[in-house]
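Q: Handing you this structure, nothing more for now.
Residue numbers (full-length UniProt numbering): 1 to 336.
Next comes the structure, spelled out in structure tokens:
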């Protein structure tokens, strides 16, 4: 996370204030999560080594219900803004995503409050409900964000090679950065549902198995997963610039054919043919008539039909009127 923050700081001046505030929010709660995880591990494995009752205590683990959703909420708001713009300002989509994010935060805070007072079965049930709200809200928000962004990006392909390569790069970045937290939220929900179902089947027993502390593990890891993926999206803009940079070998090919199609790879060429129109006039002093020939260079001169034309097909002397256009018979007589 620190390495990505340093890399982002090199060009952070160009970003909007919304992105700067989001990065600051995520960096703050990501740092708090790291410090808390170290302190919690030290408390469990050093200060109370061999005392397994500390794993079941909610004194420390309940704080994860506040740290985890607040960290992920900042990242999800950023992705919600991206999905809103890619979907051409779809307010319904943005409203659904924001409502799920708020549900996730409320569930996390509620789990903290109810877990501390979970001395009876009713209080434990309330804590379970709030944890379900946190997990289900985060999972649903991540799923809708991922699907909507990838759908909008895939629909933006135009068929041109340059545009499609950039879109494919964006799709790869979206999959690499958004799928991990989504899959982790789904795994967390499945494991927590398994635990609560098993505990409900044996209300008079305390069941300890391999899934007992996996929920705590997911809540410790999930905040960093969101922050790392979020910073990776911001830093991926540098690689996208390299794709369209003039130093890239493929971009030199794009310069020769900017609008090269992806399906029709044959380069388009424009063939220009020039033609010169000429007019040749020959004056016969004996008959005081003008024989005119006209047509295009490099092509057969069309012959005029008629009996009078056949009389003047012999060798006639060129007159100064040859270069003139629109010469009449009366003009020729005057000049002669």
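No residue lacks a Cβ here, since even glycine has one placed at the ideal position from N, Cα and C.
For residue 275, which of helix, strand or coil comes out of DSSP?
A: Here residue 275 refers to the residue found at position 275 of the chain shown. Coil at residue 275, not helix or strand.
Q: Taking the continuous alpha helix (DSSP H) assigned at residue 60, which residues delimit it?
A: For the purposes of this step, residue 60 is identified with residue 60 of the chain shown, where counting begins at 1. Where residue 60 is concerned, the enclosing alpha helix (DSSP H) stretches over 58-61.
Q: Using the DSSP secondary-structure output, state which residues sit across from residue 36 in a beta bridge.
A: In the chain shown, counting from the first residue as 1, residue 36 sits at position 36. The partner list for residue 36 (beta bridge, DSSP) is empty, contrary to what the question assumes.
Q: Please list, in chain order, all residues of the same chain as residue 180 whose beta carbon is under 8 Å from its beta carbon, the five residues on each side excluded.
A: Numbered from its first residue, the chain shown carries residue 180 at position 180. Once the five neighbours on either side are set aside, the close Cβ partners of residue 180 are 225 and 229.
Q: Quick check: the region 80-99 against the region 30-38, are at least 3 beta-carbon pairs closer than 8 Å?
A: At 8 Å Cβ cutoff, the stretches do not touch.
Q: Which of the three DSSP states is assigned to residue 87 in this structure?
A: One-based indexing of the chain shown puts residue 87 at position 87. The answer is coil: DSSP assigns residue 87 none of H, G, I, E or B.
Q: So the candidates are 163, 37, 287 and 12; which of them puts its Cα closest to the Cα of residue 220?
A: Here residue 220 refers to the residue found at position 220 when the chain shown is read from its first residue. Nearest option by C-alpha distance: 37.
Q: By the three-class DSSP mapping on this structure, what secondary structure does residue 16 have?
A: Translated into positions along the chain shown, residue 16 becomes position 16. Coil at residue 16, not helix or strand.
Q: Would you kindly work out how many angstroms separate the C-alpha atoms of residue 106 and residue 45, rounded to a whole number?
A: Mapped onto the chain shown, residue 106 falls at position 106. Mapped onto the chain shown, residue 45 falls at position 45. Approximately 31 Å, taken between the alpha carbons.
Q: Give me the Cα-Cα distance between residue 129 and residue 72, rounded to the nearest whole angstrom.
A: Position 129 of the chain shown, counted from the first residue, corresponds to residue 129. Position 72 of the chain shown, counted from the first residue, corresponds to residue 72. Each residue's Cα considered, the two are about 19 Å apart.
Q: Measure how close the beta-carbons of residue 69 and residue 134 come, nearest whole angstrom, since I'm counting them as under 8 Å.
A: Taking the chain shown and counting its residues from 1, one reaches residue 69 at position 69. Taking the chain shown and counting its residues from 1, one reaches residue 134 at position 134. 6 Å between Cβ atoms; contact.
Q: Determine, using beta carbons only, whether residue 152 and residue 86 come nearer to each other than 7 Å.
A: Position 152 of the chain shown holds residue 152. Position 86 of the chain shown holds residue 86. In this structure, residue 86 lies closer than 7 Å to residue 152 by Cβ.
Q: Which class does residue 65 belong to by DSSP, given the choice of helix, strand or coil?
A: Within the chain shown, numbered from 1, the residue matching residue 65 stands at position 65. Residue 65 falls in the helix class under three-state DSSP.
Q: Please state if the CB of residue 112 and the CB of residue 62 are separated by a distance shorter than 7 Å.
A: Counting from 1 along the chain shown, the entry for residue 62 is found at position 62. Counting from 1 along the chain shown, the entry for residue 112 is found at position 112. Contact flag set, yes.
Q: Tell me whether residue 3 sits in a helix, a strand or coil according to DSSP, three-state version.
A: Locating residue 3 in the chain shown gives position 3, counting from the first residue. Residue 3: helix per DSSP, three-state reduction.
Q: Would you mind sorting residue 142 into buried or exposed? The rule is 16 or more other CB atoms within 10 Å of its CB.
A: Counting from 1 along the chain shown, the entry for residue 142 is found at position 142. That one is buried.
Q: DSSP three-state label for residue 107, please.
A: Mapped onto the chain shown, residue 107 falls at position 107. Three-state result, residue 107: helix.
Q: Quick one: what's got a C-beta closer than 8 Å to residue 149's C-beta in the same chain, skipping five residues either side?
A: Start at 1 with the first residue of the chain shown, and residue 149 comes out as number 149. Excluding positions up to five away in sequence, the list reads 79, 82, 83, 86, 174 and 178.
Q: Check residue 49 in the structure and name its three-state DSSP category.
A: Against the chain shown, residue 49 aligns to sequence position 49. Residue 49: coil per DSSP, three-state reduction.
Q: Label residue 53 either buried or exposed according to how many other C-beta atoms from any shown protein chain fall within 10 Å of its C-beta, with 16 as the threshold for buried.
A: Here residue 53 is taken as the residue at index 53 of the chain shown, counted from 1. Flag for residue 53 reads exposed.
Q: With a Cβ-Cβ cutoff of 7 Å, do residue 60 and residue 235 count as a contact?
A: In the chain shown, residue 60 corresponds to position 60, counting from 1. In the chain shown, residue 235 corresponds to position 235, counting from 1. Not closer than 7 Å, so no.
Q: Run through DSSP, which three-state label would residue 134 get?
A: To locate residue 134, count along the chain shown from 1; it is residue 134. Reduced to three states, the DSSP call for residue 134 is helix.
Q: Could you check what DSSP says for residue 226 in three-state terms: helix, strand or coil?
A: If you number the chain shown from 1, residue 226 lands on position 226. Helix, per DSSP.
Q: With a threshold of 16 other CB atoms inside 10 Å of the CB of residue 104, please say whether the residue is buried or exposed.
A: Translated into the one-based positions of the chain shown, residue 104 becomes position 104. Answer is buried; the Cβ neighbour count reaches 16.
Q: Compare the C-alpha of residue 67 against each of 5, 238, 227 and 169 and name the closest.
A: Counted from its first residue, the chain shown places residue 67 at position 67. Looking at the Cα atoms, 227 is the closest of the given residues.
Q: If you check the beta carbons only, do residue 183 and residue 139 fall under 7 Å apart?
A: Residue mapping note: residue 183 aligns to position 183 of the chain shown, counting from 1. Residue mapping note: residue 139 aligns to position 139 of the chain shown, counting from 1. Contact flag unset, no.
Q: Express the C-alpha separation of residue 6 and residue 15 in angstroms, rounding to a whole number.
A: Counting from 1 along the chain shown, the entry for residue 15 is found at position 15. Counting from 1 along the chain shown, the entry for residue 6 is found at position 6. Rounded to whole angstroms, residue 15 to residue 6 spans 15 Å at the Cα level.
Q: Measuring only the C-alpha atoms, how far is residue 102 from residue 166?
A: The count along the chain shown starts at 1 and reaches residue 102 at position 102. The count along the chain shown starts at 1 and reaches residue 166 at position 166. Distance between the alpha carbons of residue 102 and residue 166: 33 Å.
Q: Helix, strand or coil: how does DSSP classify residue 115 here?
A: On the chain shown, residue 115 is found 115 positions in, with the first residue counted as 1. Helix.
Q: With distances taken Cα to Cα, identify the nearest neighbour of residue 192 among 51, 132, 238 and 161.
A: Stepping through the chain shown from its first residue, residue 192 is reached at position 192. The residue with the shortest Cα to Cα distance from residue 192 is 132.
Q: For residue 2, count neighbouring C-beta atoms within 10 Å of its own C-beta (all shown protein chains included) and say buried if the count is 16 or more, exposed if not.
A: Taking the first residue of the chain shown as position 1, residue 2 is located at position 2. Under this definition residue 2 is an exposed residue.
Q: Report the residue from 161, 154, 58 and 74 whose alpha carbon sits nearest the alpha carbon of residue 215.
A: One-based indexing of the chain shown puts residue 215 at position 215. Here the closest residue by C-alpha is 58.
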